[in-house]
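Residue 1 is where the sequence shown starts when you use UniProt numbering, and the numbers rise one by one after that.
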Amino acid sequence: MRYVVYTAIAIILVLIVISAILRRKTYKEVDQLEEWKNDILNRTIPEEIGKVKQLHMSGQTEEKFEEWRSEWDDIVGTILPNIEEQLFDIEELAAKNRFKKAKLQTETTRQRLQGIEDQLKQMLEEIDQLVQSEEQNRTEIDDVRRRYKELQAALLKRRGSLGKGVAGFDERMEQIQTLLESFETATAEGSYLKARDHLLKAGELLQETESLLERYPKLLVQAETTIPNELKEIEEGMKGMEEAGYKLEPFSLEKQLSGIKSELDKLKEELLALKCDEAEERLHEVSAQIEGIYELLEFEVDSKQFVTEQLPELEQLCEQAKNQINDLFEETVQVQQSYHISKEKLAARKKMEEAVLDLTRQLDVLQEITANESQTFTSIREMVEEWKLEITKLTQSIAEDKQALFALREDEWRAKETLHSLQETLLDTKRTIKKSNIPGLPEAALLTLQEAEQKMDEASEQLHQVPLELGRVTVLVEEAVKTVKESEELINDTIELATFAEYVIQFGNRFRSRSHDVHQGLTNAEHYFRQYEYEQAVETAVAVIKPYDPDVLERVEEYLNMYQKSGLKQEI
Numbered sequence: 001m002r003y004v005v006y007t008a009i010a011i012i013l014v015l016i017v018i019s020a021i022l023r024r025k026t027y028k029e030v031d032q033l034e035e036w037k038n039d040i041l042n043r044t045i046p047e048e049i050g051k052v053k054q055l056h057m058s059g060q061t062e063e064k065f066e067e068w069r070s071e072w073d074d075i076v077g078t079i080l081p082n083i084e085e086q087l088f089d090i091e092e093l094a095a096k097n098r099f100k101k102a103k104l105q106t107e108t109t110r111q112r113l114q115g116i117e118d119q120l121k122q123m124l125e126e127i128d129q130l131v132q133s134e135e136q137n138r139t140e141i142d143d144v145r146r147r148y149k150e151l152q153a154a155l156l157k158r159r160g161s162l163g164k165g166v167a168g169f170d171e172r173m174e175q176i177q178t179l180l181e182s183f184e185t186a187t188a189e190g191s192y193l194k195a196r197d198h199l200l201k202a203g204e205l206l207q208e209t210e211s212l213l214e215r216y217p218k219l220l221v222q223a224e225t226t227i228p229n230e231l232k233e234i235e236e237g238m239k240g241m242e243e244a245g246y247k248l249e250p251f252s253l254e255k256q257l258s259g260i261k262s263e264l265d266k267l268k269e270e271l272l273a274l275k276c277d278e279a280e281e282r283l284h285e286v287s288a289q290i291e292g293i294y295e296l297l298e299f300e301v302d303s304k305q306f307v308t309e310q311l312p313e314l315e316q317l318c319e320q321a322k323n324q325i326n327d328l329f330e331e332t333v334q335v336q337q338s339y340h341i342s343k344e345k346l347a348a349r350k351k352m353e354e355a356v357l358d359l360t361r362q363l364d365v366l367q368e369i370t371a372n373e374s375q376t377f378t379s380i381r382e383m384v385e386e387w388k389l390e391i392t393k394l395t396q397s398i399a400e401d402k403q404a405l406f407a408l409r410e411d412e413w414r415a416k417e418t419l420h421s422l423q424e425t426l427l428d429t430k431r432t433i434k435k436s437n438i439p440g441l442p443e444a445a446l447l448t449l450q451e452a453e454q455k456m457d458e459a460s461e462q463l464h465q466v467p468l469e470l471g472r473v474t475v476l477v478e479e480a481v482k483t484v485k486e487s488e489e490l491i492n493d494t495i496e497l498a499t500f501a502e503y504v505i506q507f508g509n510r511f512r513s514r515s516h517d518v519h520q521g522l523t524n525a526e527h528y529f530r531q532y533e534y535e536q537a538v539e540t541a542v543a544v545i546k547p548y549d550p551d552v553l554e555r556v557e558e559y560l561n562m563y564q565k566s567g568l569k570q571e572i
C-alpha cells in the first residue's frame, strides 16, 4: 500500500516538473515573439514612406504612397494588436497546461510576424526603387537627350551613305523620340517607375542605333560595291584564262558564283532591315568563298607554270630510270656467270623493268593532256607530283639492287678473308700444341680440331663453286668460325689443364716417400697423364697430397703463375 502511495506521489511530482518546464519554455517563446512585435512597431517605416512625399505627388507615386501608408496603418492598427491578444491567449493556455494548443498558436503567430517582415521588406524595396528611379531619371535624361541630338546630327550628315536603309534609321529615331516623350509624360504624372522603363528602353535603342550607324555604311559598301566588283573581276579573269587555254569547267565556278550572288541578295535584304549582325556573318562567309575562288584560280595558274617546268625534268628522270634498269640487267648477266641469283631476285628486277615501262607510258599521257589542255592544270600537277614520287622510289630501288650486286663481290671477298683468318688460327693452335710439349690431346679435342678442318674445307669448296651461291657460303663460313673457335678454346683449356696436372704431380713428388698410398696415387696420376686424361690426373694427385698439404691447389696455381710471368719452366 505504501509503495502505491509513493509511486503516485512520484508520478505527480514528475508531472509537476514537466509542466513547469513546458510552461517556462512557452513563456520564453511568448517573450521572444513580443520583442519581435515591438521591434516591428518601433521601426522607422513612416519616415521611409515619408520620403515619397518629396516627389511629385500625383499619378503612380500618389497611388503607391496611399497603398504603402494604408498597409502600415493596417499593420500597426489591426494586425499587431491582434497578435498581442494572441500572445495573451498563449500564456493563458500555458497556465492551464494546454501546451499542445499553445504550441500551435505560437507557430501561427511566428508565421504571421514573418509574413509582416516579408511585406515590409517588399514595401521598402519598392520605396527605394521609386526614389532611386526618380533620382536616376533626373541624372541620366540629360545625357540621353544629348546623345539623341548628336545621333540626329550624325544621321543627317550620313544620309547619303545609308541608301535604302535610311528609312530604318528614321523609324528608330521616331521610336526613340516617342520613348522620350513618354518619359516626360510619365515623369510629369509622377509615374517614375514607368518613366524609368521608358528611359532605359530609349537608352538601349539609342546605343543600338549608334552602333548600327557606325557599322551599316561599311557593310553597305562591301555589299553593293566591293563584293560585286570582286565577282566581276573573277568573271573577267575566268574568261581570260579560258581564252588562254585553261579548262575551268571541272571546278564548277559558275555554280559557285551564282550561289554567292544569291547570298549577296539575302545579305542586302538583311542590311535593309538593319540586321547588321546577320549581314556581317553572311558577309564573312561570302568573302571566304570569294577568297577560295581567287586561291583556286591562282593555284591553277601556278600549276600550269609548274607542269610546264617539270615536264622536261620528268623526261630526264624517265631516261635515267631506263639507263639504270639497263645497267642493272647488264650487271646481273655478268654477276650470274660467277654467282647464283635467286628466282625471287630476278623476278623483282623484271617487275622493276615493267614499272619503268609503265611510268614511261604515264609520262606520254601527261605530255599529251598537257599539250591538249584537256584537264585542269591543278589535276595535272597532282599527277605530275605522284609520278615524280613513284619514279623516285623506283630509281632508289634499282640503285639498291645494283648495290646488292656489288655487295656479292664484297661478301665473297669477306668470306675468303674469314677463311684465311681461320686457317691462321688453326695453324697457331697446332703450333701451341707442339710448343706445349704435352703428351697428346684427348679424343674430344682431336675431334673438334678435325671438325674445324672439315668445316673449313666445306666452306672453301663451296666458295670455289661456279656459279657461287653466297647464301650457302655464308652459312658454311659461320659454321666454320664457330667450330674453329670452339676447337681453339677446348685445346687451350686442355693445354692449361695438362700443364697444371704436370705441376701438381711434380709438387706431390716431395711427399712420395711419406707412404705407399701417396706413391701409388702419384704413380696412377702419372699413368692418367700419359693417357691424356689430365683432369683425372689432377684429381688423383690432389687426393693423395691434400692430407699433407691442404693448400696444394693454391700453391701449384701460384707456381704456375710465376712460370707464366717469367716464361721459363721451373721445377717445383
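Beta carbons are placed, not taken as given, at the ideal position from N, Cα and C, and that holds for glycine.
Proximity of residue i and residue j at Cβ, strictly below 9 Å
i, j, result
"T109", "L87", "yes"
"T429", "E488", "yes"
"L497", "V552", "no"
"E91", "V30", "yes"
"A154", "L179", "no"
"V477", "T418", "yes"
"I433", "I505", "no"
"L274", "I227", "no"
"G259", "Q222", "no"
"T209", "L267", "no"
"L205", "I176", "yes"
"L297", "G237", "yes"
"I141", "L80", "no"
Proximity to residue i [Cα-Cα], best of the options
i, options, result
"I83", "K101, T106, E71 and E539", "T106"
"L120", "N524, W68, A188 and S182", "W68"
"E373", "E424, V301 and T360", "V301"
"E385", "Q506, S513 and F306", "F306"
"K25", "E34, S70, K103 and L41", "K103"
"K101", "D89, D73 and Q111", "D89"
"Q450", "A404, Q423, T474 and A347", "Q423"
"K388", "L359, Q403 and K37", "L359"
"I495", "F507, E535 and R514", "E535"
"K416", "D457, T395, Q403 and D73", "D457"
"R147", "E368, E558 and S211", "S211"
Nearest-angstrom Cα separation, counted from residue j out to residue i
i, j, result
"Q244", "V365", "Looking at the sequence itself, residue 244 is Ala, so the reference to Gln does not match. In a straight line, the C-alpha of A244 is about 22 Å away from that of V365."
"M241", "E269", "34 Å"
"K247", "Q375", "6 Å"
"K64", "A186", "14 Å"
"I391", "I325", "12 Å"
"E249", "K393", "34 Å"
"G521", "L441", "23 Å"
"E134", "D197", "11 Å"
"D401", "R414", "19 Å"
"G165", "R158", "11 Å"
"Q207", "A279", "19 Å"
"L560", "D493", "14 Å"
"M352", "K485", "43 Å"
"R431", "E558", "26 Å"
"Q570", "A525", "Note that Q570 scores a pLDDT of 49, beneath 50, so its modelled location is shaky and nothing firm can be said."
"F251", "D143", "57 Å"
N-terminal and C-terminal residue of the alpha helix (DSSP H) that residue i is part of
i, result
"G237", "I227 to E243"
"T370", "K343 to N372"
"D197", "Y192 to V221"
"G259", "L253 to L272"
"G168", "V166 to A188"
"residue 575", "With the chain covering 1 to 572 only, the question about residue 575 has no answer from this structure."
"Y534", "Y534 to I545"
"G521", "H516 to R530"
Inter-residue CB distance, residue i and residue j (contact presumed, cutoff 8 Å)
i, j, result
"residue 586", "I75", "Here the chain comprises residues numbered 1 to 572, so residue 586 is not present and cannot be evaluated."
"F511", "I545", "6 Å"
"L220", "L271", "6 Å"
"L426", "E453", "7 Å"
"Y503", "P439", "15 Å between Cβ atoms; not a contact."
"I398", "L328", "6 Å"
"L162", "P217", "7 Å"
"A459", "A445", "About 22 Å separates the two Cβ atoms, so there is no contact after all."
"L257", "L231", "6 Å"
"T370", "S303", "About 11 Å separates the two Cβ atoms, so there is no contact after all."
Interface flag, residue i vs chain B, CB-CB below 9 Å
i, result
"V131", "You won't find chain B in this structure, because it holds only one protein chain."
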